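**Q** In order, the protein sequence lines correspond to chains A and B.
If you use our numbering, the first sequence corresponds to residues 88 to 249, in order.
If you use our numbering, the second sequence corresponds to residues 88 to 249, in order.
Note that CB positions come from ideal geometry on N, CA and C, so glycine has one too.
Just so it is clear, the structure is predicted and the values come from calculations on it, not from any experiment.
2 protein chains.
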Amino acid sequence: MTSSNARAEADFMRLAIEQSAQALEAGNMPFGAALVRDGALLLLAQNNQVTERDPMGHAEVVLLRNACTNGGPGFARGATVYASGEPCAMCTGAMFWAGVQRVVFAATQADIIAALGGPALPIRTAEVLAGAEPGLVVEGGVQRAAAVAVLERFARRARGAS
Amino acid sequence: MTSSNARAEADFMRLAIEQSAQALEAGNMPFGAALVRDGALLLLAQNNQVTERDPMGHAEVVLLRNACTNGGPGFARGATVYASGEPCAMCTGAMFWAGVQRVVFAATQADIIAALGGPALPIRTAEVLAGAEPGLVVEGGVQRAAAVAVLERFARRARGAS
């Protein structure tokens with residue numbers, strides 16, 4: 088990776104984490120995601136489970152729905168998803184079926200469960216993809232501290248201690 | 088289980104498999120699902136990936152979207168999903184987040200991959216749910232032959248041999 092690529096990668100993750108902070112401010116669960124192909128940002132999305140009253144409104148699912156609506160069913164094919172939190176089984180499956188080629192996440196499943204509590208689907212992204220054909224590249228822990236800080240802000244507010 | 092319960096269970100699965108056959112006739116992937124609570128049928132749905140140009144349009148996701156749209160985010164809570172094919176990771180995660188309590192499927196992941204080929208996400212429903220809190224009850228292989236017959240009809244047509 089060239090240094091300009093590395094800078095772009097860091098920017099994409101920063102944007103995904105910014106989306107997670109915006110989701111928190113909007114009253115949703117604190118997660119965000121970015122869709123990138125060939126080094127170009129295609130879409131950003133944030134969790135909308137609370138405001139849309141949709142248990143499936145995770146950031147990655149919202150991102151892929153928007154991708155299909157805006158660009159057709161192949162829009163995410165070959166793309167990379169940057170996610171502020173490690174994608175759950177639902178989101179991982181959605182990325183697989185949409186043809187996403189690579190996923191980069193910040194906070195891990197364990198970080199998310201530790202910060203938020205509640206219902207937990209702890210299987211890891213890479214485990215969901217075991218044996219998948221075609222496979223996806225999975226990279227984790229990028230800018231983890233920044234993403235965890237948003238999760239912890241959410242948790243403090245949920246405890247009424249904001 | 089009483090015999091009338093067993094009859095009702097068989098009927099729900101028959102309806103899910105009927106939906107899979109209707110999906111096939113509509114030009115979609117051959118999968119269907121039923122949502123049941125307290126012995127009452129709430130909703131039926133079928134795959135709409137092709138007609139809706141939506142890679143996430145699996146029968147269970149369509150079912151749960153309809154559940155949320157019609158009855159709000161808690162509509163599927165405590166319910167049972169009958170699926171003509173073993174739910175993939177995406178659908179299993181969606182059921183988890185929607186609060187589904189039990190899933191019964193007919194054709195297994197191996198049956199589906201053997202019949203359809205193509206991209207494969209082979210992780211099994213129960214594996215996706217390992218460590219999930221709360222857990223879901225998973226039962227498989229119910230009316231498997233009837234569901235596999237629909238998958239094989241799809242495969243024959245895809246080969247141009249219908």
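(1) Tell me, which residues are paired with V224/B by DSSP?
(2) What residues from the stretch 103-123 of chain B come within 8 Å of chain A, judged by C-beta to C-beta, listed N to C?
(3) V168/B and V187/B: beta carbons closer than 8 Å?
(4) Alpha carbons only, please: which of G114/B, A170/B, N134/B is nearest the one belonging to L102/B?
(5) Are the stretch 194-202 of chain A and the stretch 192-205 of chain B in contact at 8 Å, needing three or more beta carbon pairs?
(6) May I ask you to list the residues that DSSP assigns as paired with R124/B?
(7) What residues from the stretch 180-197 of chain A come within 8 Å of chain B, judged by C-beta to C-beta, listed N to C?
(8) Would you say G218/B lies against chain A (beta-carbon separation less than 8 Å)?
(9) For a test of the three-state rule: what should DSSP assign to G165/B, helix, strand or coil?
(10) Where does the unbroken alpha helix (DSSP H) through C155/A begin, and where does it stop?
(11) Is the Cβ-Cβ distance between E173/B and F192/B less than 8 Å?
(12) For a test of the three-state rule: what should DSSP assign to G114/B, helix, strand or coil?
(13) Quick check on DSSP: helix, strand or coil for Q133/B?
**A** On the basis of the supplied data:
(1) Residue 224/B sits at position 137 when you count from the first residue of the second sequence. DSSP, once it has assigned bridges, lists R189/B as partnering V224/B.
(2) Look at the stretch 103-123 of chain B: it has no residue with a C-beta under 8 Å from a C-beta of chain A.
(3) Here residue 168/B corresponds to residue number 81 of the second sequence, with the count starting at 1. Here residue 187/B corresponds to residue number 100 of the second sequence, with the count starting at 1. Contact: yes.
(4) Your numbering for residue 102/B matches position 15 in the second sequence. For the residues G114/B, A170/B, N134/B, the minimum Cα distance to L102/B belongs to A170/B.
(5) For the pair of segments examined, the stretch 194-202 of chain A was found not to touch the stretch 192-205 of chain B: the number of CB pairs separated by less than 8 Å stays below three.
(6) Against the second sequence, residue 124/B aligns to sequence position 37. Paired residue(s): A127/B.
(7) Under the 8 Å Cβ criterion, the stretch 180-197 of chain A contributes G180, A181, F183, W184, A185, G186.
(8) Within the second sequence, numbered from 1, the residue matching residue 218/B stands at position 131. Cβ-Cβ to chain A under 8 Å: yes for G218/B.
(9) In the second sequence, the residue the question calls residue 165/B occupies position 78. Three-state result, G165/B: coil.
(10) Looking up residue 155/A in the first sequence gives position 68. Counting along the chain, the alpha helix (DSSP H) containing C155/A begins and ends at 146-158.
(11) Here residue 173/B corresponds to residue number 86 of the second sequence, with the count starting at 1. Here residue 192/B corresponds to residue number 105 of the second sequence, with the count starting at 1. In terms of Cβ geometry, E173/B and F192/B form a close pair [threshold 8 Å].
(12) In the second sequence, residue 114/B corresponds to position 27, counting from 1. DSSP places G114/B in coil when its eight states are reduced to three.
(13) For the purposes of this step, residue 133/B is taken as residue 46 along the second sequence, with counting starting at 1. Looking at Q133/B - three-state DSSP - the assignment turns out to be strand.
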